[in-house]
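Notes follow the structure.
Protein chains: 2
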Amino acid sequence: MKAKQREKSADVVVVGGGVMGCASAWELAKRGRSVLVLERSVPGAEASSAAAGILGAQVEAHAPGPLAELARASLGVYPAWVRALERATAIDTGYRECGVLKVAFARAELVKLEREVAWQKPRPKTLAAAALAKREPWLNERLAGGVAVDGDARIDPRLLFRALHIAAARAGVVFRSGAYVRRVVTEAGRAAGVALDDGSIVRAKQVLVAAGSWTSLVEGLGIAPGAVIPARGQIVELETPEPLLRSVVFGRGAYLVPRDDGRLLVGATMEFVGYRREVTAAAVRDLLDAAIGLVPALASASLRESWSSFRPYTADELPLIGKTQIPGLFLASGHHRNGILLAPITARIVLALVTGGRAPVPLGPFAPERARG
Amino acid sequence: MKAKQREKSADVVVVGGGVMGCASAWELAKRGRSVLVLERSVPGAEASSAAAGILGAQVEAHAPGPLAELARASLGVYPAWVRALERATAIDTGYRECGVLKVAFARAELVKLEREVAWQKPRPKTLAAAALAKREPWLNERLAGGVAVDGDARIDPRLLFRALHIAAARAGVVFRSGAYVRRVVTEAGRAAGVALDDGSIVRAKQVLVAAGSWTSLVEGLGIAPGAVIPARGQIVELETPEPLLRSVVFGRGAYLVPRDDGRLLVGATMEFVGYRREVTAAAVRDLLDAAIGLVPALASASLRESWSSFRPYTADELPLIGKTQIPGLFLASGHHRNGILLAPITARIVLALVTGGRAPVPLGPFAPERARG
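Just so you know, the protein sequences line up as chains A and B, in that order. Numbered according to this note's numbering, the first sequence spans residues 1 to 373. Numbered according to this note's numbering, the second sequence spans residues 374 to 746.
Right, dumping it as structure tokens:
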């Protein structure tokens, strides 16, 4: 009964129990806010658990700009954030400062790679074939070389999510699964809670919508219907008795993300097919082919699993983080390929927004305003 | 207690609860024998459920000879056998007289196919590209043609096995799972039962060993240690909203076995790797690549499952069916690629052996004698 009452209102209600919602809820609860997280399915059911876990602040940045800055800021706070999580839960999240390699088969391709990353600071090192083979001996010996982004890292998103969920719950966050939010409820022009599909209302002083690829389906946000759309990614998980790689490797047709226990993720497609949660024959064939091309010994690796999930994509490929036109209603969505990386900085931004503090980065480029419907 | 007592002895004890053991047990029980089936795992756990279910009496016969005759005889009794099973259980086993196509991309390959099947009766029809496309419109339009083996069929081995298991149990067969048979027990030179790994003895007047790839591990059979070895096959199961094929299709690098509900099996590797039950990256890549080559629309098919299992392989690729040197001990094993096809004829042979009747085919070529250890 008590739990039921607690679920009827909160200081902050969070729509979406993914990594954004959880990280934000944890931050708010630590500062004394009562927080209720409403999740359509179960916490961590979607992209948060399906992600590969590349913390690619540099490798995923294709040009200087606000997203590269946001990613760099988030990577900067990652070590302390993960330490706090691991202290709170005793879970090893698989966070490893392993570096990322971008590799090329042809000399010309290597030169192109070098040119693409030349603007970055620190500037990625070029590795000739011999240096590459020394660093990762299982890579295809026909590779011409690669560039090494040593600051980038990896994490196991499923373990990260479990740790976040436990830490948030211990800090007092209440989670409700199977709660389908239809719309944001306003009173006197301010956000006052959310209405569920069973007709019930959950009241809150402030509302954060962090519903990933399902964000546009929540009514009353004041954003366009297609502001956030699902971009399907298919991933294959292989396993070898010993880990063959330490670094994350980006190559032609696939990236490879090793785990210390011998598992290795091969990702990922990028498809706009709505919410069709399929793993397709051609995608699996192509991912396996690319993976075996990069690391020939993977030919005899065991196929463990394959899955697909949905990146929350925005037209300008920047996330939607900030205040909306409705006072008391905030968004943290549209993180596309970089949700796992951007979770800690987003949670800090949300904390600043909700408590009226100063955001750790300029928020202009991420303003939900630009997705106005 | 009564069941326990029934398990301590039987007229016939069958070692192995796969399709051979079950089919034989059913046949014997219908003729009034008390039958106990001992299965290491659970009935149908191994190749019997993992098979693709091609009833390829002609398509799998590469030369005239006793195996081709045995296969033809078994295919001949299949319709009545399946009808009896379906009557006994109301299970549709997916038996379909769909025919099998062997297809070729190049004209020269087609000529080779024609030559390979020219000895067969009835002689398979040659289909030019247009006739092939008319029969199976989803096949790659670049195919040069194929040969059609109209008498061959398909079945769903999992459904077949369920039906067999239920029919056998209803006929009085007792099944015991988790019973690991170490050796055959003899008394006065005759088979008298089997010894389990817990030291207990199950007594029987006659013993049938139908342990598939694990046959050589049963002691006291008088066969060589490597008489039957596992030949791994990997299979991938795809799914499309509508079935794309009706016929079974054999092509370069894969065969395709459709189910009426839109599932489609892509098989299979042939590997000698012991009992390593793996699905490997290269095999899945190659099977998917071959499947998409044969039916391009499979590129967007969903990957449902993948598995591997073990065909019981013999050096001369003929099964071991018949009496052993030990009176009262019989073998029905080593059926390699054709266990599902050969189950009904093998069960009839076993019935004849056990009851002293006349075997439906000459048994000389299949005599366990030749695998003597």
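For every residue, glycine included, the Cβ atom is placed at its ideal position computed from N, Cα and C. These numbers come from a predicted model, not from an experiment.
Residue range Ser302 to Tyr313 is occupied by the beta strand (DSSP E) that includes A:Pro312.
B:Pro685 is the residue among B:Arg743, B:Thr728 and B:Pro685 whose C-alpha sits nearest the C-alpha of B:Leu715. Considered as a whole, the stretch 84 to 128 of chain A harbours 100 to 104 and 125 to 128 as its complete beta strand (DSSP E) runs of no fewer than 3 residues, in chain order. Per DSSP, reduced to three states, the secondary structure at B:Pro631 is strand.
Listed in chain order, the non-local C-beta contacts of A:Lys125 below 8 Å within the same chain comprise Val147, Ala148 and Asp150, local neighbours out to five positions each way being set aside. Cα atoms of A:Arg72 and A:Leu318: separation of roughly 14 Å, rounded to the nearest angstrom.
Identification of chain A residues near B:Val622 by a Cβ-Cβ cut-off of 9 Å yields none; the smallest Cβ-Cβ distance measures about 15 Å. Chain-order list of chain A residues neighbouring B:Thr653: Ala299, Ser300, Ala301, Ser302 and Leu303, by C-beta distance under 8 Å.
According to DSSP, B:Ile574 shares a beta bridge with B:Ala568.
Judged by DSSP secondary structure, B:Arg658 falls within the alpha helix (DSSP H) whose first and last residues are Ala654 to Leu667.
The C-beta distance from A:Val15 to A:Ala188 rounds to 21 Å, too long to fall under 8 Å, and the pair is not in contact. For B:Ser422, the enclosing alpha helix (DSSP H) starts and ends at Ala420 to Ala423. The beta-carbon of B:Asp634 is placed no less than 8 Å from the nearest beta-carbon of chain A. The distance from the Cβ of B:Asp384 to that of B:Ser421 is about 23 Å, inconsistent with a contact at the 8 Å cut-off. Around the Cβ of B:Tyr628, a 10 Å sphere holds 16 or more other Cβ atoms; the residue is buried. DSSP places A:Glu39 within a strand segment (E or B) once states are collapsed to three. Any Cβ of chain A closer than 8 Å to the Cβ of B:Val630 would place that residue at the interface, and such an atom is absent. Interface annotation for the stretch 43 to 76 of chain A against chain B: empty, criterion Cβ-Cβ distance under 7 Å. Taking each of A:Val181, A:Gly193 and A:Phe250 in turn and checking the Cα distance to A:Leu217, the smallest one comes out for A:Val181. Closer than 8 Å to the CB of B:Asp570 there is not a single CB belonging to chain A. Considering only beta carbons, the part of the stretch 643 to 667 of chain B lying closer than 7 Å to chain A consists of Glu651, Val652, Thr653, Ala654, Ala655, Val657, Arg658, Leu661, Asp662, Ala664 and Ile665, in chain order.
Secondary structure within the stretch 590 to 629 of chain B: the beta strand (DSSP E) runs of 3 or more consecutive residues, fully enclosed, are 602 to 612 and 621 to 624 (chain order). Under the DSSP definition of a beta bridge, B:Lys696 partners with B:Phe703. The beta-bridge partner set that DSSP reports for B:Tyr648 consists of B:Val646. Separation of B:Gly472 and B:Val622 (C-alpha to C-alpha, rounded to the nearest whole angstrom) is 9 Å.
For a cut-off of 8 Å, the C-beta gap from A:Val361 to A:Phe330 is around 15 Å, too long to register as a contact. Counting along the chain, the unbroken alpha helix (DSSP H) around B:Ala725 starts and ends at Gly712 to Thr728. Of the residues assessed, B:Pro631 falls on the buried side of the cut-off, its CB having 16 or more other CB atoms within 10 angstroms. Ranked by Cα distance from A:Ser300, the options A:Pro157, A:Val82, A:Ser24 and A:Asp289 are led by A:Asp289. With fewer than 16 other CB atoms across the displayed protein chains lying within 10 angstroms of its CB, B:Arg404 is exposed. Boundaries for B:Arg555: no alpha helix (DSSP H) harbours it, while the beta strand (DSSP E) harbouring it runs Val554 to Glu560, taken from the DSSP string. According to DSSP, B:Val522 shares a beta bridge with B:Val473.
The CB of A:Ser309 never comes closer than 9 Å to any CB in chain B; the least such distance is about 15 Å. The shortest C-alpha to C-alpha distance from A:Arg337 to any of A:Ala195, A:Gly56 and A:Pro296 is the one to A:Gly56.
Contact annotation for B:Leu611 against chain A: Ala281 [CB-CB distance below 8 Å, chain order]. Rounded to the nearest whole angstrom, the C-alpha separation of A:Arg40 and A:Val19 is 14 Å.
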